[in-house]
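Numbering (UniProt numbering), first residue to last: 1 to 99.
Below, the structure written as C-alpha cells:
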C-alpha cells in the first residue's frame, strides 16, 4: 500500500493522471517492489471489470462520480481509486461494490 501511494505521488508530481489505479494494475517484482502498470495491459484479461461508457471502456467501480459523469479526471480521482484499491487488497481481491 505504501509503495502504491508513493507511485501515485510520483505521478501527481509530474502532473499526470493514471485513470486506472487498481490491484490488477499493480505488478510485484521478486524483490517485492511494486510497479504500477498501464491499464491497457489488463483490459482483455479483466474485461468484466470494465464497462462501456461514451464509446470507451472504463473501470467504473474504481471511479469517482465526477470522473464518470463529467470526464473530470485529476490526482483526486486517482486518490479515490487508491482508496478503492486499498479496500480491494484488504478484502483479498473482492470486487468493489460487488453486490
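The beta carbon of each residue, even a glycine, is placed where N, CA and C say it ideally should be. Note that the coordinates shown come from a computational prediction; the quantities given were computed from them, not determined experimentally.
By the Cβ criterion, the stretch 29-39 is not in contact with the stretch 66-77, since fewer than three pairs of Cβ atoms, one from each stretch, lie closer than 8 angstroms. Taking the Cα positions, residue 90 is about 13 angstroms away from residue 22. Residue 59 is positioned such that its CB atom lies no closer than 9 angstroms to that of residue 31. Contact check for residue 8 and residue 82: beta-carbon distance about 6 angstroms, within the 8 angstroms limit, so the pair qualifies. The closest CA to that of residue 97, considering only 68, 77 and 63, is found on 63.
The Cβ neighbour count for residue 1, taken over all protein chains shown within 10 Å, is under 16; the residue is labelled exposed. Taken in chain order, the complete beta strand (DSSP E) segments of 3 residues or longer contained in the stretch 14-94 are 26-28, 34-36, 51-53 and 56-58. Nearest neighbour of residue 68 by Cα position, chosen from 84, 51 and 79, turns out to be 51. Our two residues, residue 92 and residue 26, have alpha carbons roughly 14 angstroms apart in a direct line.
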